Amino acid sequence: MLHPTTSEQNLNNIETRKILIPVDGSEISYNTLSWAIKNVIHPETDEILLVNVREHPSTGLPPMLPGSIDMIVGDTSSTTLYYEIDQRLQQASKEILEESARVFKSHKIHTKTTTLVGEPRYELEQFAKKEQPSMIVMANRGMGFVAGAFWGSVSEHLLHHAGIPVTIIPKA
Numbered sequence: 458m459l460h461p462t463t464s465e466q467n468l469n470n471i472e473t474r475k476i477l478i479p480v481d482g483s484e485i486s487y488n489t490l491s492w493a494i495k496n497v498i499h500p501e502t503d504e505i506l507l508v509n510v511r512e513h514p515s516t517g518l519p520p521m522l523p524g525s526i527d528m529i530v531g532d533t534s535s536t537t538l539y540y541e542i543d544q545r546l547q548q549a550s551k552e553i554l555e556e557s558a559r560v561f562k563s564h565k566i567h568t569k570t571t572t573l574v575g576e577p578r579y580e581l582e583q584f585a586k587k588e589q590p591s592m593i594v595m596a597n598r599g600m601g602f603v604a605g606a607f608w609g610s611v612s613e614h615l616l617h618h619a620g621i622p623v624t625i626i627p628k629a
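In this note's numbering, the protein residues as written are 458 to 629.
Structure (structure tokens):
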């Protein structure tokens with residue numbers, strides 16, 4: 458009869474956790490991945506939910522003038538511009554998630570990647586409620602008080618609305 462070793466017993470006692478890590482391609486976002494690997498993640502048991510929230514393509518379009526109906530009618534130049542912006546945003550999101558997943562793969566950590574479209578605060582809040590991760594580990598963009606108050610801090614919003622522990626990694 459084989460008896461489990463102490464390390465095998467410890468692994469059996471560790472609960473499988475989902476850890477949500479939003480990524481945006483910034484240096485601090487990538488630093489957060491390394492921090493999480495060193496300080497939070499159990500490679501043998503944890504599942505990492507890597508999420509990138511990209512803007513809606515219309516965010517990159519110039520505002521329409523009053524009375525302008527080119528988007529409604531389907532003006533070719535506006536439609537083409539919208540499509541091109543959407544394609545570029547999709548590609549950027551894919552690259553960010555692939556690069557982030559590579560970091561975990563090199564440590565043999567299981568990841569699941571997801572792209573969301575919209576305003577990051579609300580998209581991440583809804584994603585967390587749907588997927589029910591054990592925690593969120595994310596970077597603090599460090600926009601400062603004025604910019605953070607104007608634009609709203611994603612980390613601050615999740616801290617108050619996600620309903621789960623949120624670990625915020627400060628800018629180094």
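Glycine included, every Cβ here is placed at the ideal spot set by N, Cα and C.
On a predicted model such as this, the values are computed, not experimentally measured, just so you know.
query, result
"Residue nearest to Pro-627 in terms of C-alpha spacing, selected from Ser-550, Ile-566 and Glu-484", "Glu-484"
"Which residues DSSP lists as bridging Glu-504, in chain order", "Lys-475 and His-567"
"Supposed contact pair Lys-569 and Glu-504 - C-beta distance, whole angstroms, cut 8 Å", "6 Å"
"Three-state secondary structure (DSSP) of Ile-494", "helix"
"Neighbour-count burial assignment, Arg-545, 16 or more Cβ in a 10 Å radius", "exposed"
"DSSP state of Ala-549 mapped onto helix, strand, coil", "helix"
"Assigned secondary structure, Asn-597 (DSSP; H/G/I helix, E/B strand, else coil)", "coil"
"Cα-Cα separation, Leu-490 to Val-611", "17 Å"
"Secondary structure of Val-560, DSSP reduced to three states", "helix"
"6 Å CB neighbourhood of Thr-473 in its chain, flanking five on each side removed", "Thr-502"
"From Arg-578, Gln-583, Leu-477 and Glu-613, residue whose alpha carbon lies closest to that of Ile-494", "Leu-477"
"Contact check, Ala-497 vs Thr-624, beta carbons under 9 Å", "The displayed chain sequence assigns Val, not Ala, to residue 497. A contact, by the Cβ cut-off of 9 Å."
"Proximity winner among Met-595, Arg-578, Gly-620 and Arg-559, relative to Val-480 (alpha-carbon distances)", "Met-595"
"The beta strand (DSSP E) enclosing Val-623, as first and last residue numbers", "623-626"
"Residue range of the unbroken alpha helix (DSSP H) whose run includes Val-611", "611-618"
"Spatial neighbours of Asn-597 in its chain, beta-carbon cut-off 7 Å, leaving aside the 5 residues before and after", "Ser-612, Ile-625, Ile-626, Pro-627 and Lys-628"
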